[in-house]
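The opening residue of the sequence shown carries number 238 in our numbering; numbering runs sequentially from there. Here is the structure we will look at.
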Amino acid sequence: MRAIVIHAAKDLRIEERPAETPGPGQLRLRLATGGVCGSDLHYYNHGGFGAVRLKEPMILGHEVSAYVEEPGASGFRPGQLVAVSPSRPCGACKFCLDGLPNQCLNMRFYGSAMPFPHIQGAFRETLVADASQCVDAEGLTPGEAAMAEPLAVTLHATRRAGEMLGKRVLVTGCGPIGVLAILAARRAGAAEIVATDLSDFTLGLARKLGADRVINSAAEPEALAVYGADKGHFDVLYECTGVASALAGGIGALRPRGVILQLGLGGDMTLPMMAITAKELELRGSFRFHSEFAVGVRLMQQGLIDVRPLITHSVALNEAETAFRLASDRSQAMKAQIVFSA
Ligand SMILES: [Zn+2]
Ligand SMILES: [Zn+2]
């Protein structure tokens, strides 16, 4: 079977790899679609992010849908479309036992160079997965099913936010996570959503997908500052850039006791601690997800969240590198996906 393997920055290869054999409770899957994620792009463009560096070749990918080939567990049938969760907590460490599987000490999340040996990813023609990772995706397109992973990231953040009904929400950064955060916040009852970015293309999609107002921070650098009058306007900030200036701008626009959800991973950054302290803001990290994966699939199946407009490009496996180049270009791409099989 072929797999998409990153060797170093800009050294992406399609290679033959041996197919794995399913064990008890595992399914053999034929990959349908894989979405290129920000973290895949970091490996492709820079060979890693922060302290996380590629030390050996690694199969990329963690946003995938697949067809069941060999159902090794009850509830599955050949040909069935499933969304495959890349989250594989151990189920036995202190955080798993404490109900925090996304904080698992032995997490084997697909396509991650955080541990060494690296955890190989899911961009491969055949994949063996635990039944517990596979969620029935009947009624969805393979592309939609492959969006379950980034959607779950934003559902987890929304859960971290607490009560959302009637809240005023600011989203900084309108890549796929920012735009999915808009969908998630709206579904959870947000009353007003304002989104910022530097790209008119992604802002256009943010507007189309439900933002009440979008601000191009490059073209209108003062527009967000207006919301900072009288101690601020927004109750919740989804910070999706990982850029210190975006976080600082968002903090300025938050009202007292507002909640910051930090989703963007930009390494260590300087914080306006004075404003955080004096406005009694809460800074909450948000990292990956677990149970929210199946919730996201269900919301899409029920038509309560529509992610289809985010999928701007899909390319064949042979042209996988094109998907990585496209996904890096925010002036024309939101989510680029690779089609492994139809
Ligand atoms: Zn992702
Ligand atoms: Zn664990």
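Yeah, the Cβ is synthetic: ideal placement off N, Cα and C, and Gly gets one too.
Could you give the distance in angstroms between the alpha-carbon of SER349 and the alpha-carbon of ALA427?
-> As a position in the sequence shown, residue 349 is number 112, starting the count at 1. As a position in the sequence shown, residue 427 is number 190, starting the count at 1. Each residue's Cα considered, the two are about 33 Å apart.
Give every residue of the same chain whose Cβ lies closer than 6 Å to the Cβ of ARG494, excluding the five residues on either side of it in the sequence, and list them in chain order.
-> Sequence index remark: in the sequence shown, residue 494 carries index 257 (1-based). Once the five neighbours on either side are set aside, the close Cβ partners of ARG494 are GLU517.
Taking the Cβ atom as the reference point for each residue, do ILE575 and VAL273 lie within a distance shorter than 9 Å?
-> Within the sequence shown, numbered from 1, the residue matching residue 575 stands at position 338. Within the sequence shown, numbered from 1, the residue matching residue 273 stands at position 36. Yes, Cβ-Cβ distance for ILE575 and VAL273 is below 9 Å.
So, GLY501 versus LEU484, is the Cβ gap smaller than 9 Å?
-> Residue numbering aside, residue 501 sits at position 264 when the sequence shown is read from its first letter. Residue numbering aside, residue 484 sits at position 247 when the sequence shown is read from its first letter. Yes. Within cutoff.
Is DSSP giving TYR347 helix, strand or coil here?
-> Stepping through the sequence shown from its first residue, residue 347 is reached at position 110. Here TYR347 sits in coil by DSSP.
Alpha carbon to alpha carbon, how far is LEU388 from CYS477?
-> As a working mapping, residue 388 is identified with position 151 in the sequence shown. As a working mapping, residue 477 is identified with position 240 in the sequence shown. When rounded, the distance between both Cα atoms is 13 Å.
Along the chain, where does the beta strand (DSSP E) that runs through ALA605 open and close?
-> Residue numbering for the chain in the displayed model covers 238 to 579; residue 605 lies beyond these limits and cannot be assessed.
At least 3 beta-carbon pairs within less than 8 Å: the stretch 370 to 382 vs the stretch 530 to 538 = yes
C-alpha distance - GLY486 paired with GLU400, whole-angstrom precision = As a first step, residue 486 is located in the sequence shown; it is residue number 249 there, counting from the start. As a first step, residue 400 is located in the sequence shown; it is residue number 163 there, counting from the start. If you take the alpha carbons of GLY486 and GLU400, they lie about 23 Å apart.
Mind checking PRO326: buried by the 16 CB within 10 Å criterion, or exposed?
-> On the sequence shown, residue 326 is found 89 positions in, with the first residue counted as 1. Around the beta carbon of PRO326, 16 or more other beta carbons sit within 10 angstroms, so the residue counts as buried.
Exposed or buried, what is ALA394 when buried is set at 16 or more other beta-carbons lying within 10 Å of its beta-carbon?
-> Your numbering for residue 394 matches position 157 in the sequence shown. ALA394 is buried by the Cβ-count criterion.
Note the first and the last residue of the continuous alpha helix (DSSP H) segment covering GLY486.
-> To locate residue 486, count along the sequence shown from 1; it is residue 249. Membership of GLY486 in the alpha helix (DSSP H) is indicated by the continuous run 481 to 490.
Name the DSSP bridge partner or partners of ALA421?
-> Indexing the sequence shown from 1 puts residue 421 at position 184. For ALA421, which the question treats as bridged, DSSP gives no partner whatsoever.
Compute the Euclidean distance between the alpha carbons of ARG545 and ALA443, then round it to the nearest angstrom.
-> Within the sequence shown, residue 545 is the residue found at index 308, counting from 1. Within the sequence shown, residue 443 is the residue found at index 206, counting from 1. Each residue's alpha carbon lies about 13 Å from the other.
Less than 9 Å separating the beta-carbons of PHE353 and LEU407?
-> Locating residue 353 in the sequence shown gives position 116, where the first residue counts as 1. Locating residue 407 in the sequence shown gives position 170, where the first residue counts as 1. Cβ distance not < 9 Å, so PHE353 and LEU407 don't count as in contact.
Integer-rounded CB distance, given that CYS371 should sit under 8 Å from LEU264 = If you number the sequence shown from 1, residue 264 lands on position 27. If you number the sequence shown from 1, residue 371 lands on position 134. Yes, LEU264 and CYS371 are in contact; Cβ-Cβ is about 6 Å, under 8 Å.
Just how far apart, CA to CA, sit VAL289 and LYS331?
-> For this step, residue 289 is matched to residue 52 along the sequence shown. For this step, residue 331 is matched to residue 94 along the sequence shown. So the two alpha carbons sit approximately 24 Å from each other.
Report the residue from MET238, LYS445, ASN343, PRO315 whose alpha carbon sits nearest the alpha carbon of THR363.
-> Numbered from its first residue, the sequence shown carries residue 363 at position 126. That would be MET238, whose Cα lies nearest to the Cα of THR363.
According to the Cβ coordinates, are ALA240 and TYR281 closer than 9 Å?
-> For the purposes of this step, residue 240 is taken as the residue at position 3 of the sequence shown. For the purposes of this step, residue 281 is taken as the residue at position 44 of the sequence shown. In this structure, TYR281 does not lie closer than 9 Å to ALA240 by Cβ.
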